[in-house]
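This note's numbering applies: residue 1 is where the sequence shown begins, and numbers increase by one.
Written below as structure tokens is the structure these notes are about.
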Amino acid sequence: MTRLSAQANQGASARWPAYTLENHGAGIVHLGLGNFVRAHLLDYTDRVLAQKGGDWRVIGVSLRGTAVAESLNPQQGHYTLITRSASTEARVIGALERVLAGPDVSCDAMEAMASPACRIVSLTVTEKGYGISSNGQLDHNHPAIVFDLVNPQTPMGVIGLIVLALKRRMEKGLPPFTVLSCDNLSHNGQKLRKAVLAFAKEVHGEGLFSWIANNASFPSSMVDRITPASSSATVKLAAELTGREDYAAVETEPFSQWVIEDQFCAGRPEWECAGVLFVEDVTAYENMKLRMLNGAHSMLAYSGLLSGKALVRDVMSDPDHALLVKRHLAAAAATVKGLSIDLDSYSSALAERFSNPAIAHSTTQIAMDGTQKLPQRITAPALETIAAGGSIRPFAFSLAAWLAYLVTKDRDGNPQTLNDPRATELQRALRNTATSDEVIRAVAAVCPDVLPEKLTEGIFGTMLREIVNEIQTEGMAAFIKREAQRGD
Ligand code: CS2
Numbered sequence: 001m002t003r004l005s006a007q008a009n010q011g012a013s014a015r016w017p018a019y020t021l022e023n024h025g026a027g028i029v030h031l032g033l034g035n036f037v038r039a040h041l042l043d044y045t046d047r048v049l050a051q052k053g054g055d056w057r058v059i060g061v062s063l064r065g066t067a068v069a070e071s072l073n074p075q076q077g078h079y080t081l082i083t084r085s086a087s088t089e090a091r092v093i094g095a096l097e098r099v100l101a102g103p104d105v106s107c108d109a110m111e112a113m114a115s116p117a118c119r120i121v122s123l124t125v126t127e128k129g130y131g132i133s134s135n136g137q138l139d140h141n142h143p144a145i146v147f148d149l150v151n152p153q154t155p156m157g158v159i160g161l162i163v164l165a166l167k168r169r170m171e172k173g174l175p176p177f178t179v180l181s182c183d184n185l186s187h188n189g190q191k192l193r194k195a196v197l198a199f200a201k202e203v204h205g206e207g208l209f210s211w212i213a214n215n216a217s218f219p220s221s222m223v224d225r226i227t228p229a230s231s232s233a234t235v236k237l238a239a240e241l242t243g244r245e246d247y248a249a250v251e252t253e254p255f256s257q258w259v260i261e262d263q264f265c266a267g268r269p270e271w272e273c274a275g276v277l278f279v280e281d282v283t284a285y286e287n288m289k290l291r292m293l294n295g296a297h298s299m300l301a302y303s304g305l306l307s308g309k310a311l312v313r314d315v316m317s318d319p320d321h322a323l324l325v326k327r328h329l330a331a332a333a334a335t336v337k338g339l340s341i342d343l344d345s346y347s348s349a350l351a352e353r354f355s356n357p358a359i360a361h362s363t364t365q366i367a368m369d370g371t372q373k374l375p376q377r378i379t380a381p382a383l384e385t386i387a388a389g390g391s392i393r394p395f396a397f398s399l400a401a402w403l404a405y406l407v408t409k410d411r412d413g414n415p416q417t418l419n420d421p422r423a424t425e426l427q428r429a430l431r432n433t434a435t436s437d438e439v440i441r442a443v444a445a446v447c448p449d450v451l452p453e454k455l456t457e458g459i460f461g462t463m464l465r466e467i468v469n470e471i472q473t474e475g476m477a478a479f480i481k482r483e484a485q486r487g488d
């Protein structure tokens, strides 16, 4: 079969880009080229290019590994975006110009970011990719920050790269670009701005600091589209829909949402034509999405894994478990203020999205990096709920499920492999723990941003200890059944 390319296959059911690629230069450099950006920013940008034109194609930068570049570059950046629910649709996306990767990636990325054509640098590098601690400070223990502070001319991390590229632009007399974070962090733009400024000041001094502070913009944004990891079934499906071999195809759901603060210092695509909502302050949208969708996701991932459910949809097809998901959504919704959106309808829509039978979203994928995800998803709404006097049990259950997951043993009775940047510290701390109280204290000592004192003491702490105990004694499946019958 012929490899996918810009050349449309007329007989296939997929749609090819409805614009002439060569007429559009690249104006965006995107750091982190996983499945999510291919289902989100690139999809929006592709639709705007078709409707409005402009020099807004995207140069992708893959900072870790060459696999994504090896699949996309031979396809001239093209890939199939497959939208799946009761029906299946496929579009070949042309917005990606090329992918930079490999040993010279920092140098090549720097050149692209410091070129006059670049007006936006966007990012999807996951929560752990930034080097920003959950309280929004530059994280001096993050490996990329440690390296880049000593080697600022050859950075390997995103903050080091952004700072050096902005410095080059200042020196060349070019205007700065907008830095657009598209990761599930609260106040993502604001935090990134603060960290970039701290790094710039520490390494390059006051001049660059003030130039960035006064000229660059860092809008916060809320991003949403459930996008599972691709599999061999994705490649097979793409071949059926395009008649081409495509090793970069992505499967996603029909729903998509993007809310961005409209602060772009160097222009932007007319993304509103593709459905983006531009707002002054994204906080309330962010709270809704991070606490409801992502919070429920984390809860169902840990409790799902411990009750033998490999996929999100498997959780939703267990009525007891689905009821706990709904309770979690209601508790999280109670902490979301300042939106005119009907949160009950939003909750029902989420439950439906989680149940999508055509999307195979694995609980293992969501369970990774809990230490990076839980502060904004569970801890923040839990603390607010304690202060406001609302329903705390769903949050206690989520944290208990994570704790029980952390101490799960593999088949040989050894601690399971944890996919989390703090796995080693966590496992060291958990080594000699037996009781739920010891487990909670050990984890709280490593991650006070997930388990601050207010969640380990008082009524919440007691509830947390009891639930961990019960899960460990009776097993997660039995616990879920009993918990569903509690009626609160
Ligand atoms: C998920 C998110 O993996 C995870 O932690 O909760 O990737 C989620 O699917 C997206 O944020 C949906 O927009």
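For every residue, glycine included, the Cβ atom is placed at its ideal position computed from N, Cα and C.
The model shown is predicted, which means the values in this text are computed figures rather than measured ones.
Is D43 near the ligand CS2, in the sense that its beta carbon is under 6 Å from a heavy atom of that ligand?
For D43, the CB stays at least 6 Å from every heavy atom of the ligand CS2.
For A484, which residues from the same chain have a beta carbon less than 8 Å from its beta carbon, with the 5 sequence-adjacent residues on both sides left out?
Answer for A484: P319, D320, H321, L323 and L324, listed in chain order.
Give me the Cα-Cα distance between T363 and M170, rounded to the nearest whole angstrom.
45 Å
What residue from G304, Q263, R486 and E270 has the CA that sits closest to E280's CA?
Here the closest residue by C-alpha is Q263.
Using alpha carbons as the reference points, say which of V450, N287 and L403 lies closest to S186.
Among V450, N287 and L403, the Cα nearest to that of S186 is on N287.
Is there at least one non-hydrogen atom of the ligand CS2 closer than 6 Å to the beta-carbon of D224?
yes
Identity of the residues DSSP links to Q257 by a beta bridge:
D224
Using the Cβ count rule (16 or more neighbours within 10 Å means buried), how would you classify S231?
exposed
By the DSSP assignment, the alpha helix (DSSP H) with V196 in it spans what residues?
N188 to H204
Thinking C-beta only, is P394 closer than 7 Å to R486?
R486 places its beta carbon 7 Å or farther from that of P394.
Is I366 a contact residue of the ligand CS2, with contact defined as CB to any heavy atom under 6 Å?
Taking 6 Å as the cut-off, the C-beta of I366 counts as close to a heavy atom of the ligand CS2.
Examine the ligand NAP and report whether any of its heavy atoms sits within less than 6 Å of the Cβ of H297.
The ligand NAP is not among the ligands present in this structure, which contains only the ligand CS2.
So, does the segment 266-273 touch the segment 200-208, judging by three or more C-beta pairs under 8 Å?
In this structure the segment 266-273 does not touch the segment 200-208; the number of beta carbon pairs closer than 8 Å is below three.
C107: buried (16+ other C-beta within 10 angstroms of its C-beta) or exposed?
exposed
What alpha helix (DSSP H) runs, 4 residues minimum, are completely inside the segment 150-191?
158-172
Would you identify the three-state DSSP class for V336, choosing helix, strand or coil?
In this structure, V336 counts as coil in the three-state DSSP scheme.
I'd like to confirm something about N184: is its beta-carbon nearer than 6 Å to some heavy atom of the ligand CS2, or not?
True, at least one ligand heavy atom lies under 6 Å from that Cβ.
Specify whether the segment 409-420 and the segment 377-387 touch according to this definition: at least 3 beta carbon pairs, one from each stretch, less than 8 Å apart.
Taking a contact to require three or more Cβ pairs closer than 8 Å, the segment 409-420 and the segment 377-387 do not qualify as touching.
Closest Cα partner of L59 within the set E352, V68 and L305
The sequence shown places Ile at residue 59, rather than the Leu named in the question. Closest option to I59, Cα to Cα, is V68.
State the Cα-Cα distance for the pair R465 and S436, rounded to the nearest angstrom.
Going from the Cα of R465 to the Cα of S436 covers about 6 Å.
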